[in-house]
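A.B. asks:
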Amino acid sequence: MPQTQDAPFPDLTAVIARNRPRFRTATEFVEAAMREAILAGVLPGGIPLRQEDLAAAFGVSRMPVREALRQLEARALVEFHPHRGAVVAAISAEDSADIGTIRTALEPAALRLSLPGLTADDLALATDLLAEMDGEADPGRMGELNRRFHMTLYARAGRPRLLALVEQHLAAADRYLRFQFVALGYQSRSQDDHYALLAACRAGDADAACAIIVDHVSAAERQLTAFLKKPA
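Counted the way our numbering counts, the sequence shown spans residues 2 to 233.
1) With distances taken from CA atoms, which of 154, 108, 171 is nearest residue 125?
2) Can you tell me whether DSSP reads residue 87 as helix, strand or coil?
3) Figure out for me which residue from 172, 198, 229, 141 has the closest Cα to the Cα of residue 78.
4) Which partner residues of residue 79 appear in the DSSP bridge assignment?
5) What did DSSP end up calling residue 109 once you bin it into helix, strand or coil?
6) Count the other C-beta atoms from every protein chain shown that fall within 10 angstroms of the C-beta of residue 5, then say buried if there are 16 or more, exposed otherwise.
7) What's the gap between the Cα of residue 14 and the Cα of residue 37?
8) Under 8 Å, do residue 65 and residue 31 count as touching if we go by C-beta distance?
9) Compare the beta carbon distance of residue 33 and residue 25 with 8 Å and say whether it is the shorter of the two.
10) Can you tell me whether residue 45 is helix, strand or coil according to DSSP?
11) Among the candidates 212, 169, 178, whose CA atom is the shortest distance from the CA of residue 72?
12) Identify whether residue 193 lies in helix, strand or coil by the three-state DSSP scheme.
13) Whole angstroms are fine: how far does the CA of residue 56 sit from the CA of residue 7?
14) Give me the Cα-Cα distance between residue 215 and residue 41, rounded to the nearest whole angstrom.
15) If contact is defined by three or more beta carbon pairs under 8 Å, each pair taking one atom from either stretch, is the segment 208-225 in contact with the segment 96-107?
16) In whole angstroms, what separates the C-alpha of residue 198 from that of residue 132?
17) Looking only at its chain, what residues have a beta carbon closer than 7 Å to the beta carbon of residue 94, apart from the 5 residues adjacent to it on each side?
18) How far does the alpha helix (DSSP H) with residue 133 in it extend, from its first residue to its last?
19) Going by DSSP in three states, residue 230 sits in which element: helix, strand or coil?
20) What separation, rounded to the nearest whole angstrom, lies between the Cα atoms of residue 1 and residue 81?
21) Taking the C-alpha atoms as reference points, what is the distance between residue 263 and residue 43?
22) For the alpha helix (DSSP H) holding residue 153, just list the boundary residues, first then last.
23) With 16 other CB atoms within 10 Å as the buried threshold, where does residue 217 fall?
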C-alpha cells in the first residue's frame, strides 16, 4: 500500500470515519480502527506503521498513536523492531502453530475451572451467540462472535490473569480465523465443534468438553499451517 506525505495511509480513510464517533478517548479510537484495519487486511503484514503518518491520518497527536500501537503489540497484531519501528505482524505458518499450541494449553484449563460455575444465563448466551454465528456471512463479525462464545464458556474460571491470556491469544488468532473462513471454508466444521462443546458443557462433562476444545483448536491450526506452508 503506497504512502505519501499528502495522504498517509489512504486506505484507512473509511475505517477511521467509521470508528471516529464510537470512542471517548483518542487511544481507544486509534486502537479500534487500527485493529479493524489489520484484521480486515487493509493494513497488510509487514507494512511500517510510522507514528507521525498515523497521527496525521487520524488527526491526533503521536501519544495516543504510540499507546494504541503498544496495545496492538499485546494483541500480537503489531511488532516492534529495533531499526524499523512498528510494523504490522505478518501471517505465518509458524505463528499459527505457536498460537494454536498456546491455546490448547490455556483454554482447556480455563474451561475446566469455569464449567462448575456456568449458569443457565451463561449457557443461554452461548446458545444465542452460536445461533447468530450460523446466520453470519461477514468473517469479521464471525471472529468477534467466536471470541465472545469461547470467553462466555471460560468466564467463570475465577482466574483473571489466565482469562486475560486466553483472550489475548483468541484475539491473536482472530485474523487467522477470518482467513480460514474465507479461503478454506472452515466455518461449517468450526460450528459443528462449537455445538458439540456447548452440549458437553450443558452435560457438565469437563473431560469431554476439554477434549473437544483441544481437537477444535488443533484441527484448525493443522489445516491452516499446512495451507500456509504450501509453495506459492
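Heads up, the beta-carbon is just placed ideally off N, CA and C, and yes, glycines get one too.
C.D. replies: Taking the definition as stated:
1) The residue given as residue 125 occupies position 124 in the sequence shown. Checked all of 154, 108, 171; the closest Cα to residue 125 is 154.
2) On the sequence shown, position 86 is the one that residue 87 refers to. Taken through DSSP and simplified to helix, strand or coil, residue 87 comes out as strand.
3) Numbered from 1 along the sequence shown, position 77 holds the residue referred to as residue 78. It is 172.
4) As a position in the sequence shown, residue 79 is number 78, starting the count at 1. Per DSSP, 89.
5) If you number the sequence shown from 1, residue 109 lands on position 108. In the three-state reduction of the DSSP assignment, residue 109 falls in the helix class, which pools H, G and I.
6) The residue you call residue 5 lines up with position 4 of the sequence shown. Because residue 5 carries a pLDDT of 42, less than 50, the predicted location of this residue cannot be relied on, and no value is offered for it.
7) Numbered from 1 along the sequence shown, position 13 holds the residue referred to as residue 14. Numbered from 1 along the sequence shown, position 36 holds the residue referred to as residue 37. Going from the Cα of residue 14 to the Cα of residue 37 covers about 12 Å.
8) Working through the sequence shown from its first residue, we reach residue 65 at position 64. Working through the sequence shown from its first residue, we reach residue 31 at position 30. Cβ distance < 8 Å, so residue 65 and residue 31 count as in contact.
9) By one-based count along the sequence shown, residue 33 stands at place 32. By one-based count along the sequence shown, residue 25 stands at place 24. Cβ atoms of residue 33 and residue 25: not closer than 8 Å.
10) Position 44 of the sequence shown holds residue 45. The answer is coil: DSSP assigns residue 45 none of H, G, I, E or B.
11) On the sequence shown, position 71 is the one that residue 72 refers to. Checking every option, the nearest Cα to that of residue 72 belongs to 169.
12) By one-based count along the sequence shown, residue 193 stands at place 192. Residue state, collapsed to three classes: helix.
13) Stepping through the sequence shown from its first residue, residue 7 is reached at position 6. Stepping through the sequence shown from its first residue, residue 56 is reached at position 55. Only weak support is given to the placement of residue 7: the predicted model assigns it a pLDDT of 49, under 50, and the question is left unresolved by the model.
14) The residue labelled residue 215 in the question sits at position 214 within the sequence shown. The residue labelled residue 41 in the question sits at position 40 within the sequence shown. Approximately 27 Å between the Cα atoms of the pair.
15) Output reads yes: the segment 208-225 touches the segment 96-107.
16) The residue labelled residue 198 in the question sits at position 197 within the sequence shown. The residue labelled residue 132 in the question sits at position 131 within the sequence shown. Computed Cα separation, rounded: 14 Å.
17) Here residue 94 is taken as the residue at index 93 of the sequence shown, counted from 1. Excluding residues within five positions, the ones whose Cβ falls inside 7 Å are 226, 229, 230.
18) Position 132 of the sequence shown holds residue 133. Segment 121-135, the alpha helix (DSSP H) holding residue 133.
19) Here residue 230 is taken as the residue at index 229 of the sequence shown, counted from 1. Correct three-state label for residue 230: helix.
20) Because the chain spans 2 through 233 in this model, residue 1 falls outside it and cannot be assessed.
21) For the chain, the structure presents residues 2 to 233; residue 263 sits outside this window and is missing.
22) In the sequence shown, counting from the first residue as 1, residue 153 sits at position 152. For residue 153, the enclosing alpha helix (DSSP H) begins and ends at 140-155.
23) Taking the sequence shown and counting its residues from 1, one reaches residue 217 at position 216. So residue 217 ends up on the buried side.
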